[in-house]
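Single-structure report; data block below.
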Amino acid sequence: MRVNRAAFFLSLFLFFLSPIYFPRLKLLFFAPYLILVMYKMDFFSLLVRASFAGIIMDLFSAHSFFGLSSLLHLFTAMIVYTMRLNFFEDKLTTLPIMTFIFSVLFSLLELFFYPLLGGSISINFRWILSDLFCMPFADAILALFVFSLPFQLTKALSKMFRTRRCRR
Numbered sequence: 479m480r481v482n483r484a485a486f487f488l489s490l491f492l493f494f495l496s497p498i499y500f501p502r503l504k505l506l507f508f509a510p511y512l513i514l515v516m517y518k519m520d521f522f523s524l525l526v527r528a529s530f531a532g533i534i535m536d537l538f539s540a541h542s543f544f545g546l547s548s549l550l551h552l553f554t555a556m557i558v559y560t561m562r563l564n565f566f567e568d569k570l571t572t573l574p575i576m577t578f579i580f581s582v583l584f585s586l587l588e589l590f591f592y593p594l595l596g597g598s599i600s601i602n603f604r605w606i607l608s609d610l611f612c613m614p615f616a617d618a619i620l621a622l623f624v625f626s627l628p629f630q631l632t633k634a635l636s637k638m639f640r641t642r643r644c645r646r
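Position in the sequence shown counted from 1, then plus 478, gives you the numbering used here.
Here it is in C-alpha cells:
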C-alpha cells in the first residue's frame with residue numbers, strides 16, 4: 479500500500495511540475511501508478527483510481543471536454559487490466575512495457591472519443607509518430623527510471639538491511 483501511495487504522489491508531483499519545465503510534453507504521468515495499482519489491488523479499486531486520475535487531468539487540462547480524460551483512463555485501465563496476467567509483476571521491465579501499452583491504447587481511444595465530442599484530430603505522420611511511438615516510449619522511459627528502478631532499488635536495499643539485522 480505504501481508503494482501505491484508513493485507512486486500516486488510522485489505521479490501527481492510530476493503532473494504539476496511538467497508544464498513548468500516541459501510544456502509541450504504530453505506524458506501520461508498517472509499510467510505507471512495505475513499499472514502498479516493493477517497488480518496490487520482489485521479491479522474495482524483500479525477503476526476508482528483511474529477515474530480519479532482522469533478527473534485530476536480534466537481539472538487542470540486546457541481542452542474543453544471535461545470528463546474525457548477520466549473516461550479515457552477508465553476504458554484504458556479496463557483494457558490493460560486484462561493483459562496483466564501476460565507479464566510478471568516482479569520483473570523490472572513489466573512496468574515500462576505495460577505503461578507503453580497503456581499510452582498507445584490511451585491515444586487510440588482518444589482518436590475514437592475526441593471526434594465523438596466534437597473535437598478533431600488530424601491523423602498524419604506527425605501524429606502517428608508522436609502519439610503512437612514517441613510519447614508512449616517517453617512514458618515507458620519515465621516508468622523505468624522514475625518508478626521501476628527506484629522501487630526495485632528500495633526493495634533490494636530493505637531486503638539487504640533486513641537480512642543484515644537478522645545475522646546480528
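Glycine included, each C-beta is placed from N, C-alpha and C at the ideal position. Only a predicted model underlies this, so the values are computations on that prediction, with no experimental measurement involved.
Query                                                                                                                                                                  : Result
If I follow the unbroken alpha helix (DSSP H) through S542, where does it start and stop?                                                                              : From DSSP, S542 is part of no alpha helix (DSSP H); its letter is neither H nor E.
Is F603 buried or exposed, if buried means 16 or more other CB atoms sit within 10 Å of its CB?                                                                        : exposed
Is D536 near the ligand NAD, with its Cβ less than 6 Å from a heavy atom?                                                                                              : The ligand NAD is not part of this structure, which contains no ligands at all.
Identify whether L492 lies in helix, strand or coil by the three-state DSSP scheme.                                                                                    : helix
May I ask which residues mark the beginning and end of the alpha helix (DSSP H) holding V558?                                                                          : L546 to Y559
Evaluate G545 with the Cβ neighbour count: other Cβ atoms within 10 Å of its Cβ, from every protein chain shown; 16 or more gives buried, anything less gives exposed. : exposed
Taking three-plus beta-carbon pairs below 8 Å as touching, is the segment 619 to 628 in contact with the segment 509 to 520?                                           : yes
Straight-line CA distance for L552 to Q630?                                                                                                                            : 27 Å
For M516, which of helix, strand or coil comes out of DSSP?                                                                                                            : helix
Can you give me the start and stop residues for the alpha helix (DSSP H) that F565 sits inside?                                                                        : Segment: none, F565 is in no alpha helix (DSSP H) and carries neither H nor E.
Look at the Cβ atom of L620, then the Cβ atom of S585, and state whether they are nearer than 7 Å.                                                                     : no
Rounded to the nearest angstrom, what separates L573 and F487 at their Cα positions?                                                                                   : 17 Å
Does DSSP put N602 in a helix, in a strand, or in coil?                                                                                                                : coil
Among F522, Y517, L595 and S636, which residue has its Cα nearest to the Cα of F566?                                                                                   : Y517
Secondary structure at K633, three-state DSSP: helix, strand or coil?                                                                                                  : helix
Since L514 and G532 should fall inside the 8 Å C-beta cutoff, what is the C-beta to C-beta distance between them, to a whole number of angstroms?                      : Between G532 and L514 the Cβ distance is about 17 Å, and since that is not below 8 Å, they are no contact.
Cutting at 6 Å between CB atoms, please list the residues of its own chain near A555, excluding the five before and the five after it.                                 : L512, L524 and A528
CB L589 to CB I599, shorter than 7 Å?                                                                                                                                  : yes
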